[in-house]
Amino acid sequence: MEQKELLTILDQVAEGGVTPKEALQKIRVEPYKETAEGYAKIDMHRGIRQGVSEIIYGAGKTKEQILGIVQTMRSESDKAILITRMCQEAADYLSKSCPLHYDSLSKIGIVGDLSEPDGRGKIVVATGGTSDIPVAEEAALTAEFLGNKVVRLYDVGVAGIHRLMSHVDELMDATVVIAIAGMEGALASVIGGMVDCPVIAVPTSVGYGANFGGLSALLSMLNSCASGVSVVNIDNGFGAAYQASMINHIK
192 MEQKELLTIL DQVAEGGVTP KEALQKIRVE PYKETAEGYA KIDMHRGIRQ
242 GVSEIIYGAG KTKEQILGIV QTMRSESDKA ILITRMCQEA ADYLSKSCPL
292 HYDSLSKIGI VGDLSEPDGR GKIVVATGGT SDIPVAEEAA LTAEFLGNKV
342 VRLYDVGVAG IHRLMSHVDE LMDATVVIAI AGMEGALASV IGGMVDCPVI
392 AVPTSVGYGA NFGGLSALLS MLNSCASGVS VVNIDNGFGA AYQASMINHI
442 K
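Using my numbering, the first residue of the sequence shown is number 192, and each one after it goes up by one.
Below is the structure:
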């Protein structure tokens, strides 16, 4: 159950359409539900507390465990379910039992169908280069799952800054920009100096030897001289999208 559903039930009680006892029955579910084998305790009330139901982190879980968690969640709700960092083997396994949409580039899996976007504006996802697209698609698909309209601007890095400048209108129209780059990570600072909205920077592990697996981009972004730039961890497209969605849903 999510906040909107809870609010609907409370409105029905206030209007007399539902009795308090009936409302209690709808709300009274276990705060968490444990899988039969005991490997997971699923937070069933997260949607009420945070507005978004639990999201499954697929890396490190077996395909059987992912399926078990999905089935447990689907037994309580018909809402779509997001799975991040899921391998192809697990996707093939789940697709036999669930209506799974899987993107092999970002390793994002979505069980069920998405609802219509309800964010107040647009989230722009921009990358420095083509090599950053896997992280960008993790961000873009997560943002779409969370109910946002997404504009993708790929391969607009500072090595050819005219490519970025040709998209000024899209950038200025954004509610939030997610700037994703490896190498020296300069894209976030450039965008941060152009727009009047929050910029969430995502350093990627793309780059040559001295890139140190994304550490150089991370430090550059943390030291950005542009105001309004915040930074998530290396390759964390999901975290950036979640934060961007929260901003885009502030009324």
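Ideal Cβ positions, reconstructed from N, Cα and C, are used throughout, including at glycine.
Considering only residues of the same chain and omitting the five flanking positions on each side of ILE438, which have a CB-CB separation below 7 Å? Contacts found: THR366, VAL367, PRO389.
Rounded separation between GLY384 and GLU206 - CA only: Spanning the two alpha carbons is a distance of roughly 50 Å.
Within its chain, find whatever has a CB closer than 7 Å to the CB of SER295; leave out the 5 residues flanking it on each side and keep chain order. Hits under 7 Å: GLN279.
Return the chain-ordered list of same chain residues with a C-beta closer than 8 Å to the C-beta of ALA401, the five sequence neighbours on each side being excluded. The answer, listed in chain order, is SER407.
Residues in the same chain with beta-carbon distance under 8 Å from SER244, minus the five sequence neighbours each way, listed in chain order, please. Taken in chain order, the residues that qualify are GLU193, ARG237, GLY238, MET264, SER268, LYS270, ILE272.
Which whole-angstrom value describes the C-beta separation of ILE274 and GLY249, a residue pair presumed to lie in contact below a C-beta threshold of 8 Å? In this structure ILE274 touches GLY249 by the C-beta definition: roughly 5 Å separates them, less than 8 Å.
Residues of its chain near LEU305, where Cβ-Cβ distance is below 7 Å and the 5 sequence neighbours each way are ignored: The residues are ALA271, GLU335, PHE336.
Tell me the DSSP secondary structure of PRO394 in three-state form. Here PRO394 sits in strand by DSSP.
Among ASN414, SER421, ASP387, ASP323, which one has its Cα closest to the Cα of ASP360? Of ASN414, SER421, ASP387, ASP323, the residue nearest in Cα terms is ASP387.
Taking C-alpha atoms, which residue in ASP346, VAL261, GLY351 lies nearest to LEU291? Nearest Cα to LEU291 within the set ASP346, VAL261, GLY351: VAL261.
Quick check: what's the CA-CA separation for GLU228 versus THR253? Taking the Cα positions, GLU228 is about 13 Å away from THR253.
Considering only the beta carbon of each residue, do SER380 and ILE425 sit closer than 8 Å? No, they are not a contact pair.
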